[in-house]
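Heads up: the structure comes next, in structure tokens.
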Amino acid sequence: TEACLAEIEGAGALNAFVHHTPEIALEHAKAADERIAGGDAPAMCGMPLGIKDLFCTRGVPSQAASHILNGFRPEYESTVTQNLWDAGAVMLGKLNMDEFAMGSSNETSTYGNAVNPWRRGNDDAQLTPGGSSGGSAAAVAADLCLAATGTDTGGSIRQPAAFTGIVGLKPTYGRCSRWGVVAFASSLDQAGPMTKTVRDAAIMLGAMAGHDPKDSTSADLAVPDFEAAITGDIRGKKIGIPKEYRMEGMPAEIEKLWADGADMLRDAGAEIVDISLPHTKYALPAYYVIAPAEASSNLARYDGVRYGHRAKLAQGDGIVQMYEKTRAEGFGPEVQRRVMIGTYVLSAGFYDAYYNRARKVRTLIKRDFETVFADGIDAILTPATPSAAFGLGEMAEADPVQMYLNDVFTVTVNLAGLPGIAVPAGLDGQGLPLGLQLIGRPWEEGDLLNTAEVME
Ligand code: GLN
27 TEACLAEIEG AGALNAFVHH TPEIALEHAK AADERIAGGD APAMCGMPLG IKDLFCTRGV
87 PSQAASHILN GFRPEYESTV TQNLWDAGAV MLGKLNMDEF AMGSSNETST YGNAVNPWRR
147 GNDDAQLTPG GSSGGSAAAV AADLCLAATG TDTGGSIRQP AAFTGIVGLK PTYGRCSRWG
207 VVAFASSLDQ AGPMTKTVRD AAIMLGAMAG HDPKDSTSAD LAVPDFEAAI TGDIRGKKIG
267 IPKEYRMEGM PAEIEKLWAD GADMLRDAGA EIVDISLPHT KYALPAYYVI APAEASSNLA
327 RYDGVRYGHR AKLAQGDGIV QMYEKTRAEG FGPEVQRRVM IGTYVLSAGF YDAYYNRARK
387 VRTLIKRDFE TVFADGIDAI LTPATPSAAF GLGEMAEADP VQMYLNDVFT VTVNLAGLPG
447 IAVPAGLDGQ GLPLGLQLIG RPWEEGDLLN TAEVME
């Protein structure tokens with residue numbers, strides 16, 4: 027813990043941690059020492075972690091990297107973080123992210139972006155750590171903590187993991203409680219571990235997961251021993267390669283990475299099968315209707331009355347002006363864009379044309395996966411991202427749709443509620459990490475982790 031605190035002190039330029047909590051860290055570490063001395067040492071005992079700013083942590087600023095939550099210190103602890111503390115983990119502080127988890131580059135944060143510790147060849151240009159869990163990814167990759175929590179609504183654990191050469195797991199929807207995690211799109215949001223190794227992800231997921239009566243969508247299922255599922259034996263497993271993920275204009279490097287990953291699994295005794303997920307091309311548009319729709323509803327609570335920032339009012343302003351000014355000042359441009367898209371697609375005149383249509387497409391996407399799993403496929407291998415980490419400012423200046431295209435390989439998993447993991451798979455020509463994604467059957471994270479470990 028002390029070594030991590032010292033690393034964090036020296037790594038201000040990465041802007042990964044946005045609040046340090048050294049007093050809590052040392053208190054947790056001391057308690058962990060006592061548990062270990064007493065012979066009660068669960069696997070997470072004494073492990074120093076960073077926590078994404080989207081998780082409510084009691085008495086500690088929890089702002090979802092938004093100006094509108096300025097000064098908000100929750101009186102309660104999210105279930106996932108409480109589970110981690112109960113398992114003996116140590117809290118180092120809160121990690122940078124895109125505002126309300128909306129983004130793919132960490133550039134929408136009110137704290138300014140986190141920076142990727144990797145560089146392109148000899149080029150000094152700063153790269154994005156990805157988003158929205160960019161601070162988590164940068165912190166793990168730069169050894170500021172042993173692991174971090176992330177959340178994933180459309181790829182926000184897996185894309186930053188791929189951009190920084192670490193492991194990121196989005197569990198099955200319902201595996202981890204969403205209670206106390208600031209809501210973005212409630213039917214898609216899931217918390218998960220971001221770690222250095224697949225085994226660490228298995229151990230950390232075991233501590234995070236579990237049924238929670240406070241989240242009605244959390245599954246009432248026992249948490250299996252995910253670490254015990256890692257046996258190194260994947261003989262006879264059927265791995266699907268979906269042809270629809272072979273996007274037009276895919277860089278040769280990504281094609282090769284994907285083929286090499288398939289070879290690695292084949293060499294370990296798996297059977298590689300070509301499969302089809304025919305509705306893949308509709309996933310991104312469906313996601314960018316459903317996620318903003320849910321966000322516009324979830325974010326209605328930030329009105330200047332209950333939490334955080336309230337605008338200064340002029341003589342004669344009433345409550346409506348208070349709402350308007352607070353929200354105009356408190357939300358950044360990307361959040362405002364999502365709220366506008368969301369309210370538009372939910373409005374009476376357009377509901378059927380957009381929101382209802384997107385929900386139907388979502389069902390078709392889910393059925394595509396159900397069909398291949400019913401045919402005996404155990405896991406699906408795809409690239410995690412369409413490219414390696416890009417330069418800061420590069421995409422933010424382009425049209426927002428360019429940024430949204432980053433999620434092309436990850437959003438299907440959230441729409442279908444499946445588990446997905448990004449694993450480091452090598453370096454590109456300029457020495458930057460690239461990741462592959464494995465998508466698993468619902469509730470079979472153990473099997474997924476076992477396959478992922480073979481690729482490590
Ligand atoms: N990049 C996606 C978005 O901006 C995904 C974000 C996430 O998973 N939280 O919506």
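Read in order, the letters of the sequence shown correspond to residues 27 to 482 in UniProt numbering.
Glycine residues also receive a C-beta, built at the ideal position from the N, C-alpha and C atoms.
Endpoints, the beta strand (DSSP E) within which residue i is located
i, result
"Pro409", "405–409"
"Val193", "193–196"
"Glu297", "297–301"
"Gly452", "446–453"
"Pro459", "459–466"
"Thr221", "216–221"
"Ala173", "173–178"
"His46", "43–46"
"Gly472", "Per DSSP, Gly472 belongs to no beta strand (DSSP E); it is in the alpha helix (DSSP H), 471–481."
"Ile265", "264–268"
Minimum C-alpha distance to residue i - residue among the options
i, options, result
"Lys222", "Thr190, His45, Ala209, Ser244", "Thr190"
"Val434", "Thr411, Ala448, Leu441", "Thr411"
"Asp300", "Gln347, Leu52, Ile403, Ala39", "Ile403"
"Cys71", "Ala115, Ser302, Thr438, Glu28", "Ala115"
"Thr177", "Lys351, Met234, Glu35", "Met234"
"Val331", "Ala217, Ile316, Asn96", "Asn96"
"Pro277", "Ser413, Gln108, Ser130, Pro48", "Ser413"
"Gly236", "Ile447, Glu420, Asn109, Gly446", "Asn109"
"Glu471", "Ile367, Lys264, Ala255, Ala285", "Ala255"
"Ala321", "Val427, Leu214, Ala288", "Leu214"
"Asp79", "Met73, Tyr137, Ile50", "Tyr137"
"residue 512", "Ser182, Leu458, Asp286, Pro87", "Outside the displayed span of the chain (27 to 482) sits residue 512, for which this structure offers no information."
"Tyr370", "Ala319, Lys240, Gly417", "Ala319"
"Asn432", "Trp111, Pro87, Val224, Tyr314", "Tyr314"
"Leu474", "Ile50, Asp66, Thr107, Ala227", "Ala227"
"Ala309", "Val437, Pro48, Gly232", "Val437"
"Arg353", "Tyr333, Gln341, Gly342, Leu372", "Tyr333"
"Pro186", "Asn139, Ala211, Asp150", "Asn139"
"Ala317", "Met481, Tyr328, Tyr380", "Tyr380"
"Val439", "Gly457, Ala451, Asp394", "Asp394"
"Leu231", "Leu291, Gly129, Ala173", "Ala173"
"Glu201", "His305, Ala168, Ser242, Ser302", "Here the sequence assigns Arg to residue 201, which means Glu is not the residue at that position. The candidate whose alpha carbon is nearest that of Arg201 is Ser242."
"Val208", "Ser130, Asp286, Arg327", "Arg327"
"Asn41", "Ser130, Thr154, Gln89", "Thr154"
"Gly452", "Met481, Gly344, Gln428", "Met481"
Close beta carbons around residue i, own chain, < 7 Å, minus the five adjacent residues each side
i, result
"Gly206", "Phe81, Cys82, Tyr102, Glu103, Ser104, Thr105"
"Tyr135", "Position check: residue 135 holds Ser in this sequence, whereas Tyr was assumed. Excluding residues within five positions, the ones whose Cβ falls inside 7 Å are Ala91, Asn122, Met123, Asp124, Glu125."
"Cys171", "Cys30, Pro74, Leu75, Gly76, Leu118, Ala165"
"Pro179", "The sequence shown places Thr at residue 179, not Pro. Correct list, in chain order: Ala127, Phe210, Ala211, Leu214, Asp215, Ala317, Asn440."
"Ile298", "Ile265, Ile267, Ala288, Leu291, Arg292"
Extent of the continuous alpha helix (DSSP H) run through residue i
i, result
"Pro426", "426–430"
"Lys392", "383–400"
"Met276", "Here Met276 belongs to no alpha helix (DSSP H), and DSSP marks it neither H nor E."
"Ser212", "Careful: Ser212 lies outside any alpha helix (DSSP H) and carries neither H nor E."
"Met234", "224–234"
"Ser162", "160–167"
"Leu441", "437–442"
"Ile34", "28–36"
"residue 20", "Limits of the chain in this structure are 27 at one end and 482 at the other, which puts residue 20 out of reach."
Same chain, Cβ closer than 8 Å to residue i, five either side skipped, listed in chain order
i, result
"Arg261", "Ala294, Gly295, Ala296"
"Asp238", "Thr105, Ser203, Trp205, Ser244"
"Glu281", "Arg272"
"Leu339", "Gln347, Met348, Lys351"
"Gly358", "Ser92, His93, Glu125, Thr134, Thr136"
Cut-off 6 Å between Cβ atoms - residues of its own chain near residue i, not counting five sequence neighbours on either side
i, result
"Ala312", "Ala384, Val387, Arg388"
"Glu279", "Asp454"
"Trp284", "Pro409"
"Pro68", "Ala113, Gly114"
"Ala448", "Arg184, Ala187, Ala188, Gly194, Ala410, Gly461, Gln463"
"Thr198", "Pro445, Pro468, Trp469"
"Lys120", "Val44, His45, Ile77, Asp79"
Residue i beta carbon near ligand 3 (any heavy atom closer than 7 Å)
i, result
"Ser104", "Annotation note on ligand 3: not contained in the displayed structure, which lists ligand 1 as its ligands."
*Entirely enclosed alpha helix (DSSP H) segments - the region 321–376, minimum 4 residues*: 345–356, 359–372
*Counting Cβ pairs, one atom from each stretch, are 3 or more of them under 8 Å apart for the region 161–168 and the region 135–148?*
yes
*In the region 69–152, which residue ranges form an unbroken alpha helix (DSSP H) of at least 4 residues, counting only runs that do not cross its ends?*
105–112
*Given 8 Å, three or more beta-carbon pairs between the region 53–67 and the region 110–129*: yes
*Is the number of C-beta pairs between the region 354–366 and the region 250–260 that are closer than 8 Å three or more?*
Touching, no, given that fewer than three Cβ pairs across the two stretches are closer than 8 Å.
*Between the region 452–467 and the region 391–408, do at least 3 Cβ pairs fall closer than 8 Å?*
yes
*Is there contact here, the region 194–202 with the region 212–221, by at least three beta-carbon pairs under 8 Å?*
Because the criterion of three Cβ pairs below 8 Å is met, the region 194–202 and the region 212–221 touch.
*With a cut-off of 8 Å, do at least 3 Cβ pairs link the region 417–429 to the region 442–451?*
no
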